[in-house]
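The next block holds one structure in the form of structure tokens; read it before the comments.
Numbering (mature numbering (1 follows the signal peptide of the UniProt record, and there is no 0)), first residue to last: -33 to -1, 1 to 538.
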């Protein structure tokens, strides 16, 4: 797998940071309410787009990365993980979500990224640089698209317009945001197809693709595929807005990702806290024992004998075993040559999970979670260090690791999209099984599975629970493997919301009933009357499900956004 690492030299890093601090510090601050979404960044017309580009790419990558990992709401909803066994974990494990600010990471919000990204576009127009214009349109579409996916209606057409006196932008309809995204991505693709020598950009500043316009064009087209399929149930509505999804999809598929070498991913450098994995030692001195892999996900990988399990999850430290008569320490070596010391503990309890890999069940009560799988072991272990439950693989504790990356979009996602589109029909795609198989292979390539000398892909694929032809519900089969491949990502939540697959269930304790959340709530409302008008207009268009308690605001994580209104999915 070709990963576009952030390997620019430290001298360049210092130059970028000094320049950014001197010219941009006044407008890279966090915005906790909507009045900040249009703050004028002191009109920095003369700042180089090459400097700003690095900021936009790396902070977008970190926002996307943290949204799905390290105790995230989405990671728990999709049952990749559970956020520990203490009372504080209930917010995530039991879906007791609360309002937060707009998407952010390390003090940079999505709107900070978008404001800086607008500088790139404006400079590109001024300098007649088509490459910068196209990159900016692509990143604008990616970030605004993510926000629309999460919240529903969002500030869009009037956002970032403080220089024109627009401090309280309206919330555009979700459908209009998607129209703008698809329009901008097509424009970006067209611009990238007509680059000239004068449009060249700094390969050092482009920490994603090193100034490779062909790869940027593939990313723009791949994002078009993502949003065309996301809107599959809204074809008529988008047609009324002038967007023909089948035409868009057909055009984009001809120029989308063609291999894992096209993956839009960035690796952490790992030399400072700012450029390291948030879970690494430079950012977190103590191991995150709170984070536990979710039982449904672990069990699925174990059942399928999926080699990605050993890349992502660690074996238990103490394993129940009926074949030993005394505690016996053994060295366990996985298929990648990694060694673990595991204590095999005698047990006759039928309720004990004797697997080498054990996930924490979803939404347990606190008392049940603390004692899970301890069986007849009366020992007291330090907080969150139950040795009978697996931890996330130790690579997520490193500052940098080749298999821990910031993924904006990947080739396996494109192949899954093509597979589902071919199955559904109406998108001009064909041969769903070939795309499905390509997608699984691409995911395993990205995870480094083929470095194992014991893995045989054809044998894996031939399993009745994996093979496309063996599925009664082929869409469910596609989405289940896409869910696995999306490990710790956010796209699986949007896919589940649209399709209802995989058929995930809540645990014993769920704050609002036996259903998973379907949207993010807006940030805490600004008290300014001008803000309130726009906020209330957006909230009024949400449709509460039966899981929104009577008397509560429709701005709830169990309310339907336009994208899934009028549909029977996910419930």
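Where is the CB? At the ideal position from N, CA and C, for every residue including glycine. It should be emphasised that the depicted structure is a prediction, and the values quoted were computed from it without experimental measurement.
Residue from the options with nearest C-alpha to residue i
i           : options               : result
residue 530 : 313, 205, 25 and 361  : 205
residue 71  : 92, 56 and 34         : 34
residue 143 : 133, 158, 123 and 153 : 123
residue 175 : 22, 517, 526 and 490  : 22
residue 178 : 231, 139, 217 and 210 : 231
residue 113 : 81, 85 and 428        : 81
residue 309 : 318, 285, 332 and 317 : 285
residue 87  : 317, 480 and 107      : 107
residue 420 : 373, 495, 491 and 302 : 302
residue 83  : 165, 491 and 126      : 126
residue 274 : 304, 298 and 254      : 304
residue 207 : 145, 163 and 76       : 145
residue 130 : 149, 109, 17 and 85   : 85
residue 321 : 75, 342 and 328       : 342
residue 263 : 46, 501 and 110       : 46
residue 25  : 220, 244 and 333      : 244
residue 471 : 505, 18, 492 and 43   : 43
residue 541 : 278, 254 and 160      : Only positions -33 to 538 of the chain appear in the structure, and residue 541 is not among them; the question remains open.
residue 292 : 283, 282 and 312      : 312
Test: residue i CB closer than 9 Å to a CB of chain C
i           : result
residue 480 : You won't find chain C in this structure, because it holds only one protein chain.
Own chain partners of residue i with C-beta closer than 8 Å, once the 5 adjacent residues on each side are dropped
i           : result
residue 276 : 265, 268, 269 and 324
residue 477 : 61, 62 and 330
residue 463 : 45, 446, 450, 469, 471, 483 and 537
C-beta contact flag for residue i and residue j at 9 Å
i           : j           : result
residue 173 : residue 20  : yes
residue 474 : residue 326 : no
residue 378 : residue 445 : no
residue 358 : residue 280 : yes
residue 53  : residue 351 : yes
residue 406 : residue 424 : no
residue 51  : residue 38  : yes
residue 105 : residue 155 : yes
residue 461 : residue 197 : yes
residue 66  : residue 490 : yes
residue 252 : residue 287 : no
residue 213 : residue 74  : no
residue 412 : residue 227 : yes
residue 199 : residue 465 : yes
residue 102 : residue 111 : no
Supposed close pair residue i, residue j - CB separation, criterion 8 Å
i           : j           : result
residue 497 : residue 135 : 4 Å
residue 151 : residue 182 : Wrong, their Cβ atoms sit about 18 Å apart, outside the cutoff.
residue 314 : residue 335 : At roughly 19 Å, the Cβ-Cβ gap does not stay under 8 Å, so residue 314 and residue 335 are not in contact.
residue 49  : residue 261 : 6 Å
residue 236 : residue 367 : 6 Å
residue 240 : residue 365 : Actually they do not touch by this definition, with Cβ atoms about 13 Å apart.
residue 414 : residue 370 : 6 Å
residue 396 : residue 388 : 4 Å
Per-residue burial, residue i [other beta carbons within 10 Å of its own, 16 or more giving buried]
i           : result
residue 184 : buried
residue 93  : exposed
residue 486 : buried
residue 417 : exposed
residue 399 : buried
residue 56  : buried
residue 297 : exposed
residue 500 : exposed
residue 534 : exposed
residue 517 : exposed
residue 522 : buried
residue 259 : buried
residue 203 : exposed
residue 282 : buried
Beta-carbon contacts of residue i that lie in its chain and below 6 Å, excluding the five residues immediately before and after
i           : result
residue 443 : 468
residue 482 : 514 and 538
residue 457 : 34, 35 and 41
7 Å CB neighbourhood of residue i in its chain, flanking five on each side removed
i           : result
residue 223 : 185, 188, 189, 192 and 381
residue 528 : 119, 141, 486 and 509
residue 434 : 428
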